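Trainee: Position in the sequence shown counted from 1, then plus 9, gives you the numbering used here. My questions will all concern the structure given below.
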Amino acid sequence: MFEKYDVIVVGAGHAGCEAAHAAATMGSRVLLATMNMNTIAQMSCNPAMGGVAKGQIIREIDALGGYSGIITDQTMIQFRMLNKSKGPAMWSPRAQSDRMRFAESWRLVLEANPNIDFWQEMISAIIVENQTVTGVRTSLGLNIKSQSVILTNGTFLNGLIHIGNKQFGGGRTGESAAFGITEQLIDLGFNAGRMKTGTPPRVDGRSLNYKNMQEQKGDQRPEKFSYLPEYEGLKHQKSCWITRTNDAVHEELQQGFDQSPMFNGRIKGLGPRYCPSIEDKINRFADRSSHQIFVEPEGWNTVEVYVNGFSSSLPEDIQYNSLKLIPGFENVKMFRPGYAIEYDYFSPTQLHLSLETQLVDNLYFAGQINGTTGYEEAACQGLMAGINAHLKNKDRDPFIISRSDGYIGVLIDDLINKGTDEPYRMFTSRAEYRLLLRQDNADQRLTAKGYELGLASEQRMALLNSKVANTSLLHNYLKTEKIIPKDVNNYLKKHNTAEIFEKTSLKQLLKRPQLNITDFPKLSDKIKKQLSGYSREIKEQAEIIIKYASYIKKEEQQSKKQLSMENLRLKPELNYKDINALSSEGKEKLIKFRPSTLGQASRISGVSPADISVLMVYLGR
């Protein structure tokens, strides 16, 4: 009935979609197995992509040749560049998406790939022979053979949904949980745990009074995620809205605390630290009289609205009565209540940096099964697992992104070396080289690598080469074009910056914090004409490079130093017990994690700088 596949992907969420697309585009025959073909790429929680550090991840996925950025551009209803008031290392793109269009667009992309087949059924087991995965077994008892398997099960592994005192099995509202795989993996020696996440109620937008809320519009000049030019920025955008809870809301919510599975012990797993439920916020921050609520439309034409900031597992009547006390929600109609969900995950310290498991060859984990939370975190793991499954099948070295090359590298390195006992979310603060890992230069960091892999297209490489060349031309122009004092001093006075007394290059002026490249066309018609030949993207690139040159250089030097440690390989068979100078804890952790490089070893908790020095001596350095 089935051919033998190169790669089987289990689960069709954000991780599964990117994994299937990547492996198939590179040439693998892929089977994408899902319990429901109608929920491929479902946005299970908020209808949005990107955000702080998450937007950088989507741009990195796009730079490599993934599809999350393109799908977001196709289906967004609002775009905002967050943190624009801060430096460029913090700028983070975020888009509200049309939930239904997003899922549809992903499905159509996957169906258009001739190397992808589909199968709708629960996968109940993997087939393992001699510590190597050889396929999967379905709930109907069908065996499907493959060279490798990628598990992207999301919240479905033994998923348990909580609403007040009610609890029932499920991986998402209206969908059943997945059974069998957890128990099998534990039998194979894997360590499993439980995590918790939640989602807010959905409401009818027609029942809301937006006059009692603050309007939150998109950017006046909306940008996009993908580096490809096919999709222009939005011409029209939908507004989001902001309101707040109050003491009356909190009092109503507190009436249900005795029925909260969060507080009465029914929920065992830890939830996301940075996205707490409304009851958790009230309990933890008792001194605060209000919390922000973001009212987010679910699409262009639907009336369904997502109540961001009101995630809850309280009884449905408590949720409803509390919502009615929020300004603008006085006459609210609820589509469905919020809920909490518990699910199984596996400690990511049991993986190689390629996301292949250490215990079973050719088996890969990606997404929430590794303890992460968020569409973006899942998508990038899926992409990397798909790439590496294909490469291993072709006897090629794994593709690893370093911490200085991408947030994707930071995320995977953190998971493998540090593990997590709570849902892991990416932040800019987790990266040491934030100025190198900007959202604007993801293509310069990663597209050439994606092209070498056979994932990024020739079109992407041509666009990258053009961007680099034009940025260099503009940089040289700003360096060589000089302006005399009388042509610029009045302008400098108006901007509260010092006058000049001799010819000065535009580059030197641009280094001043009070001036931006957008100011320069006002200096002369000649300059205006010259700059008009460059796109906004090129001008932004040149400005960042000039303004932050010294800081960028410093981070590049630091990253090179770290990279030298990454290039020092540690043999998998290295017997750490025989290296007497290592600390006891260092030996224990090195044996447990089996780092592939000295750099990786240095980031393992419990491995001291002294241990690293000992290893360097051992390696003859």
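For glycine and all other residues, C-beta sits at the position ideal for the given N, C-alpha and C. In this text the structure is predicted, and so the values were computed from the model without any measurement.
1. Considering only residues of the same chain and omitting the five flanking positions on each side of Ile-170, which have a CB-CB separation below 6 Å?
2. Kindly indicate the opening and closing residues of the beta strand (DSSP E) around Ser-133.
3. Whose C-beta lies closer than 7 Å to the C-beta of Glu-224 among residues of the same chain, with five residues either side of it excluded?
4. Say yes only if the C-beta of Ile-49 is nearer than 8 Å to one or more non-hydrogen atoms of the ligand GTP, and no if none qualify.
5. Mind checking whether Val-304 and Thr-382 have CB atoms under 9 Å apart?
6. Quick check on this structure: which residue in Tyr-543, Gly-202, Ile-335 and Ala-72 has the alpha carbon closest to the alpha carbon of Pro-357?
7. Just to confirm my understanding: we take Arg-110, look at its own chain, exclude 5 residues before and 5 after, and list those with CB closer than 8 Å. What are they?
8. Would Ser-559 be called buried (16 or more neighbouring beta carbons within 10 Å of its own) or exposed?
9. Between Gly-337 and Ala-72, how many whole angstroms is the CB-CB distance? I'm expecting something under 8 Å.
10. To the nearest angstrom, how far is the alpha carbon of Asn-474 from that of Tyr-486?
11. Excluding the five sequence neighbours on either side, which residues of its own chain have a C-beta within less than 6 Å of the C-beta of Asp-126, listed in chain order?
12. Closest to Pro-346 by CA distance: which of Val-314, Asn-200, Tyr-352 and Gln-359 is it?
13. Please state the DSSP three-state secondary structure of Tyr-2.
14. Going by DSSP, which residues form a beta bridge with Ile-492?
15. For the alpha helix (DSSP H) holding His-30, just list the boundary residues, first then last.
16. Look up Leu-400 in the DSSP assignment and say whether it is helix, strand or coil.
17. Compute the Euclidean distance between the alpha carbons of Glu-232 and Leu-424, then round it to the nearest angstrom.
18. Pull up the distance between the alpha-carbon of Pro-604 and that of Arg-612, whole angstroms please.
19. How many angstroms separate the CA atom of Gly-542 from the CA atom of Phe-436?
20. For Arg-545, does the count of other Cβ atoms within 10 angstroms reach 16, so buried, or fall short, so exposed?
21. Excluding five sequence neighbours on each side, which residues of the same chain lie with their C-beta closer than 8 Å to the C-beta of Asp-213?
22. With DSSP as the reference, label Ile-291 as helix, strand or coil.
23. Suppose contacts are defined by Cβ-Cβ distances below 9 Å. Is Leu-119 in contact with Ala-29 by that definition?
24. Between the alpha carbons of Ala-257 and Ser-298, how many angstroms are there, rounded?
25. Cα-Cα, which of Ser-514, Ala-394 and Glu-431 is closest to Ile-417?
26. Spatial neighbours of Ser-622 within its chain, please: CB distance less than 8 Å, with the 5 preceding and 5 following residues excluded, ordered by chain position.
27. Is DSSP giving Glu-508 helix, strand or coil here?
28. Could you pull the DSSP bridge partners for Glu-313 from this structure?
29. For the region 195-265, list the alpha helix (DSSP H) runs that are entirely contained and at least 4 residues long, ordered along the chain.
30. To the nearest angstrom, report how far apart Ala-398 and Val-142 are at their CA atoms.
31. According to DSSP, simplified to helix, strand and coil, what is Leu-166?
32. What residues in its chain sit with their C-beta under 7 Å from that of Asp-620, if we drop five residues either side in the sequence?
33. From Gly-189 to Glu-130, what does the alpha carbon distance come to, in whole angstroms?
34. Output yes or no for whether 9 Å exceeds the beta carbon distance between Ile-67 and Thr-81.
35. Quick check: the Cα distance between Pro-123 and Ser-481, rounded to an integer number of angstroms?
36. At which residues does the alpha helix (DSSP H) containing Lys-13 begin and terminate?
Mentor: Let me lay it out:
1. Phe-177, Gly-179, Tyr-348 and Ile-350
2. 132-138
3. Ser-248 and Trp-250
4. Inclusion of the ligand GTP in the displayed structure is not the case, the ligand content being empty and no account of it being possible.
5. It is not a contact, given that the beta carbons lie outside the stated cut-off.
6. Gly-202
7. Excluding five sequence positions before and after Arg-110, the CB atoms of its chain that fall closer than 8 Å to its own CB belong to Gln-83, Thr-84, Gly-308 and Trp-309, given in chain order.
8. Exposed, since its Cβ has fewer than 16 Cβ neighbours within 10 Å.
9. Going by Cβ atoms, the distance from Gly-337 to Ala-72 rounds to 40 Å, so no, they are not a contact pair.
10. One Cα belongs to Asn-474, the other to Tyr-486, and the distance between them is close to 18 Å.
11. Closer than 6 Å at the Cβ level, and outside the excluded window around Asp-126, lie Leu-40.
12. Val-314
13. The question about residue 2 has no answer, for the chain in this structure spans 10 to 630.
14. Thr-513
15. Here the alpha helix (DSSP H) through His-30 covers 23-34.
16. helix
17. 31 Å
18. Computed Cα separation, rounded: 10 Å.
19. Rounded to the nearest angstrom, the two C-alpha atoms are 36 Å apart.
20. exposed
21. Val-312, Glu-313, Val-314, Val-341, Lys-342, Met-343 and Phe-344
22. helix
23. yes
24. Each residue's alpha carbon lies about 9 Å from the other.
25. Of the candidates Ser-514, Ala-394 and Glu-431, the one whose C-alpha sits nearest the C-alpha of Ile-417 is Ala-394.
26. There are no such residues.
27. coil
28. Asp-213
29. 256-263
30. 12 Å
31. strand
32. Leu-591, Ser-592 and Gly-595
33. 13 Å
34. yes
35. Distance between the alpha carbons of Pro-123 and Ser-481: 40 Å.
36. Premise fails: Lys-13 is in no alpha helix (DSSP H) and is neither H nor E.
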